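Protein chains in written order, with the working numbering: chain A, 15 to 214; chain B, 66 to 821. Okay, so here's the structure we're looking at.
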Amino acid sequence: MMRLCFLILLTFNLIFPDCSLAAPMIKEGESLRCRFTMNRHLQGFNKPLHSEGSLLLIPGKGLLWKTEQPFSSIVAISSSGINHYANNDKILSIASQQIPFLHTLRQLFEQALTGNEEGLSQFFHIHQENQRIELRKRPDIGISWPLQKIIVQREGQNWVESVEIVKENGDRDIIHFLEQRLTQNAPTAEEIALLAGADP
Amino acid sequence: MIASRWHVQAAWLWLALMLLVWGYGTWRMVSGLPLDSDLLYLLPSEEQDPQLQKGRALLINELGSRFTVMVGHPEEEQALQAAKKLQSRLQENGMLKPTADNWSSKAIELAKTFFPYRQGLLGEQERQMLLQHQENKLIQRAVGQLYNPSAILDSQLLLKDPFTLFSSFLLQLPNPAPKLMPRNGWLHTYAEQKHWFMINAQLSDSPFSIQFQNQFMQVWETINKEPVTLLRLSAIFYAQAAASRAMNESSTIGTLGLLLTILLIIFIFRAVRPLGLTILAILNGLMCGLVVSLLLFERIHTAALLFGSTLIGVAVDYCLIYFCQAFSPQSSPAWRLKSVIHGIFYGMLTTFMGYFCLAMAPFPGLQQGAAISVAGLLTSWLTVVLWFPHLDTLSCRTPSPILLHMQALLMWLWQPAHARQRTLFACTLVLLSLGGALHFEINDNIRRYQQLSPHLQEEQKQIQKLTGMADINQFFWLQNNDQEQLLRVQEQLGDRLQELRTRGIIQDWLSLARFTPSTHRQQENKQLITALYGTGLPIIEEITGLSLSTQSGREDFLTPENSGILAWPLFTDAKKQALFPISVQDSTQMTQVAEGITGAHYVDPAADLSTLLERYRYRALLLLALSVLFTYLLLVWRYGWKNGITTLLPALCATLLTPFLLALLQVPFGFFTAIALVLLFAIGVDYAIFCAEESSPDLPMLTGIWLTALTSLFSFGLLAFSQTPAVREFGLTVMIGISLSMLLAPWAMRNKNNHA
């Protein structure tokens, strides 16, 4: 669950290079498409779980995380909840009502989107050094939260090169973003349906 | 008559008795009356299953005792401290029961306790998939989770629960307030630029106890609530607001009615003594009614007290009829009593018999009301008969021109020359009633009588918006002393409710078995999970290249006791024996869910109260029918067959026509109309008897009828202007009915003239 929240956060960072403090760069009607590689390092296992795919972020609508290798699946995250698709089938559906934390985080990110620094700083100590931004969990947030920190590596002024999510038990996800582009092309009907949580 | 020795002795004896009554009554009032406003107390005692009734009442009381307050402030610390302070002040003063002190740690503790038993725990979705042999979906999901950026799965969980069945089980647990999450040991949300902390507790006493309401509000008012915002959701605030409104209203209407009555009596008699003695008779009646009910009943319902006291008001008629004899030229106290003794005796007797029948009904509210009114009425009557001749010093009065006009007006319709006008009047009444019959509607729905404070309703809506809290107003009450069987019944009901959830009839349901399934179900789940591991793990290993040596949990099963769930407010006391559907859209479909399941009963308190009112209405109408019968028998005994019925007819016609005339005003027929008809008939019969006792249109008697009708209209008719629907309907019924009874009463006199 924590990964989900920080994924959303970091995805916003893809387009908000000055962490959450700048005005949004995605204009209305635009969406972000890119490719990714993810290496998941699990404690106690020798080799990381490697995956590749693409993602689509539509502000106000949600995020589609399409894993292509080694296992084809799509995760759709929207205000209504999380839906996981594989083999043309919905294999998991969690309504946002079942995840109160998602609701809170969404409120937080909405504040971040509007340039409200307090939003993020309620949860993290934010430290920025050149192209590297580190968000370290605040100890006093009053929530049991297995995350330790998030490290964002920027590329130039506008894009995020990679994100590293470090959990308290030592598990790490390292995600690299490639071929990032903002597009005005409308999402496909299928993509919209997936974000709406429709059955395939 | 008054010189007779026995009469003097009886008056002294009555004084001694009344002193005792007043002494005892005053002592009880000073000690605090055991008043109650809980409608459940009015439930009929003839229910077939007392255990079920007790259990349902217990749970309804528990639900009614919920106390929820959201404390909001832009600064988190301020909101938290204010919530803590408010809760501790209410607890210190004994207003709230102690509650779970730390939601965060409790939630984590619960998950930690449950986790070792995970092999018996399955969410509804996963269980259905496995029962339908859709293991593939779960295997795909497990693999997907490994590459899913939003997955819950980590290295530790992967070895203990690779299919994330346990976390899925937790996610599917019903959540009555989904937008809240534990924070600093409290349930919290952030919205509308404010941090909100929830106080969720149980009141320490019934919110319908007037005494507790007063205590609570005293404490509540003294707590400084600045600078936070408070949103309230509890029956005690609604009950207190309703009681406060009713008291304001009754004080306005009551004061106005009383003032008009006082002015009228002083204006008519131009003396204070008739007023003083009338008040004395009424007060004696009220006190005796109260004392008798205190001796007979442990608690007194406020509705019964109000109903009983209202009926004692009939006694004012005896007083006024007595004093109106002062307009007779040959008037002395003894003569006055002699002139009216038959009329007020039969008037009292008919009412007494009617209410005595009421006391026989197995309805606590009616029994109490009947006891109060019967005792009160008899006391007032005895006060008139035994004391008035000794205390009355009123000299003969000359009727004022206005009284002569009033007499002429009342008799106008009944003059022999006005037969056509009488026919026209009768036809008009019949036509209006027929018109009303077309709109006649019976409606006992309790919601029609509810007038909830709009301000509190708005706060409730805000709380629901902030927390996602859904309505839990109905439940299934499960009678089963064996815990395993109880859980299995809950699961059986849950299996049926799944379909209703899919169809959107309910949002979800809450039951102990959702958290700690029966051992039987856990055994089934364990078999399903073991089979899944056997099939699925090799596939996951093949795709990921990981070698998974999973760790199993405990071999035994989770129980409500070893889970610690019983310490949660969700399942304290009677709640573990119930199943709560959340956000029921169609209650009628719910009744079928429990069909065929032994010991399961669907309870919809609002619908039950409507049914209760319906049953009370039937009883009230039955009482009315019995009153009519007994009154008729008495009138036959007094006036003969033919004149008996014509003496009965004025009150009977007024009673029968009033509901249809009310229908013309779009007022449906319900319990409060029915009970007003009982009062109406009692008063109407009195008027007719007073007339029937006279051989010719007599000024004192007609003045008495005018006067008593006007005082009744001032006392009860003014209630038609109440904002409370039940009171308004009662007042309208009496207003229309009394007017009709008064107009029709001389009908009885005309027949007396024909009496042999």
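From the three backbone atoms N, C-alpha and C, an ideal C-beta is built for every residue, glycine too. Model, not experiment: these values are computed from the prediction.
Can you tell me where the alpha helix (DSSP H) with E549 of chain B in it begins and where it stops? Counting along the chain, the alpha helix (DSSP H) containing E549 of chain B begins and ends at 548-567.
Should R5 of chain A be flagged as near chain B, meaning a C-beta pair shorter than 9 Å? Not covered by the structure: residue 5 of chain A. The range shown for chain A is 15 to 214.
Could you spell out where the beta strand (DSSP E) holding T81 of chain A opens and where it closes? T81 of chain A -> beta strand (DSSP E) spans 76-83.
Which residues of chain A have a Cβ atom closer than 9 Å to the Cβ of Y598 of chain B, listed in chain order? Simply none; closest approach about 18 Å.
Interface positions of the region 45-69 of chain A facing chain B (Cβ-Cβ less than 8 Å), listed along the chain: Those would be M52, R54, L56, Q57, G58, F59, K61, L63, S65, in chain order.
Going along chain B, which residues have a C-beta under 7 Å from P84 of chain A? Within chain B, the residues near P84 of chain A are I608.
Along chain A, in chain order, which residues have C-beta atoms closer than 7 Å to that of V208 of chain B? Within chain A, the residues F85 have their CB atoms less than 7 Å from the CB of V208 of chain B, given in chain order.
So with CB distances below 9 Å, who are the chain B contacts of A210 of chain A? In chain B, no part has a C-beta under 9 Å from the C-beta of A210 of chain A; the shortest such distance is about 17 Å.
Starting from the beta carbon of N183 of chain A, find every residue of chain B whose beta carbon is closer than 9 Å, and list them in chain order. Per Cβ cutoff of 9 Å: D219, S220, Q221.
With L677 of chain B as the anchor, note down where its alpha helix (DSSP H) starts and where it stops. Secondary structure note for L677 of chain B: its alpha helix (DSSP H) is the uninterrupted segment 670-704.
Segments assigned alpha helix (DSSP H), at least 4 residues, entirely inside the region 456-509 of chain B: As summarised for the region 456-509 of chain B, the continuous alpha helix (DSSP H) elements at least 4 residues long and confined to that stretch are 466-477, 484-504, given in chain order.
For chain A, check one thing: does any of its Cβ atoms lie closer than 9 Å to the Cβ of L838 of chain B? This structure cannot settle anything about residue 838 of chain B, because the visible part of chain B is limited to 66 through 821.
Assuming Q267 of chain B and F132 of chain B are in contact, meaning their beta carbons sit under 8 Å apart, how far apart are those beta carbons, in whole angstroms? Indeed they touch by this definition, with Cβ atoms about 6 Å apart.
How about Q205 of chain B: is its C-beta nearer than 9 Å to some C-beta of chain A? Taking Cβ atoms only, chain A reaches closer than 9 Å to Q205 of chain B, which makes this a yes.
Please list, in chain order, all residues of the same chain as Q788 of chain B whose beta carbon is under 8 Å from its beta carbon, the five residues on each side excluded. Around Q788 of chain B: R310, E314, Q516.
Is the Cβ of K202 of chain B closer than 9 Å to any Cβ of chain A? Yes - at least one Cβ of chain A is within 9 Å of the one on K202 of chain B.
Chain B residues whose Cβ lies nearer than 7 Å to that of N101 of chain A: Going along chain B in sequence order, the residues near N101 of chain A (Cβ under 7 Å) are Q205.
Enclosing beta strand (DSSP E) for F277 of chain B [first to last residue]: Per DSSP, F277 of chain B lies in no beta strand (DSSP E); the unbroken alpha helix (DSSP H) holding it starts and ends at 275-287.
Give the DSSP bridge partners of E178 of chain A, in chain order. A:I165, A:I188, per the DSSP bridge assignment.
Alpha carbon to alpha carbon, how far is S777 of chain B from G350 of chain B? Give it in angstroms, no decimals. G350 of chain B and S777 of chain B have their C-alpha atoms some 17 Å from each other.
For M800 of chain B, name the three-state secondary structure that DSSP assigns. Helix, per DSSP.
Report the residue from B:L808, B:A774, B:E758 whose alpha carbon sits nearest the alpha carbon of V834 of chain B. Any answer about residue 834 of chain B is impossible in this case: the structure gives chain B only from 66 up to 821.
So, is K641 of chain B buried or exposed, given that buried needs 16 or more other C-beta atoms within 10 angstroms? K641 of chain B counts as buried, since at least 16 other C-beta atoms from the protein chains shown sit within 10 angstroms of its C-beta.
I'd like to know if L236 of chain B contacts chain A, where contact means its C-beta is closer than 9 Å to some C-beta of that chain. True, the Cβ-Cβ gap to chain A drops below 9 Å.
I need the straight-line Cα distance from G129 of chain A to D103 of chain A, nearest angstrom please. Because G129 of chain A sits at a pLDDT of 41, beneath the cut-off of 50, its placement in the model cannot be relied upon, and the point is left open.
Does DSSP classify F645 of chain B as helix, strand or coil? Judged by DSSP in its simplified three-state form, F645 of chain B adopts strand.
N-terminal and C-terminal residue of the beta strand (DSSP E) that D382 of chain B is part of: No beta strand (DSSP E) contains D382 of chain B, which is instead part of the alpha helix (DSSP H) from 381-389.
Looking only at its own chain, which residues have a Cβ that is under 6 Å from the Cβ of L767 of chain B, when we skip the five neighbours before and after it? Excluding residues within five positions, the ones whose Cβ falls inside 6 Å are Q472, L475.
Contacting residues, own chain, Cβ-Cβ under 6 Å from S393 of chain B (five flanking each side not counted): Contacts found: P765.
Can you pull the chain A residues whose beta carbon is under 8 Å from the beta carbon of L562 of chain B, in chain order? For L562 of chain B, there are no neighbours in chain A by C-beta distance under 8 Å, as the nearest C-beta there is about 17 Å away.
Opposing strand residues paired with K151 of chain A [DSSP bridges]: DSSP, once it has assigned bridges, lists A:F138 as partnering K151 of chain A.
Could you give the DSSP three-state label for M160 of chain B: helix, strand or coil? The answer is coil: DSSP assigns M160 of chain B none of H, G, I, E or B.
Should V647 of chain B and P241 of chain B be called a contact, given that it needs their Cβ atoms to be closer than 9 Å? For clarity, residue 647 of chain B is Ile in the given sequence; the question names Val instead. Contact: yes.
Helix, strand or coil at F781 of chain B according to DSSP, with G and I counted as helix: DSSP places F781 of chain B in coil when its eight states are reduced to three.
Report the residue from B:L784, B:E556, B:T773 whose alpha carbon sits nearest the alpha carbon of I333 of chain B. Comparing Cα-Cα distances from I333 of chain B to each of B:L784, B:E556, B:T773, the minimum goes to B:T773.
Scan the region 164-226 of chain B and note each continuous beta strand (DSSP E) run of 3 residues or more that stays entirely inside, going in chain order. List check, beta strand (DSSP E) in window: nothing returned.
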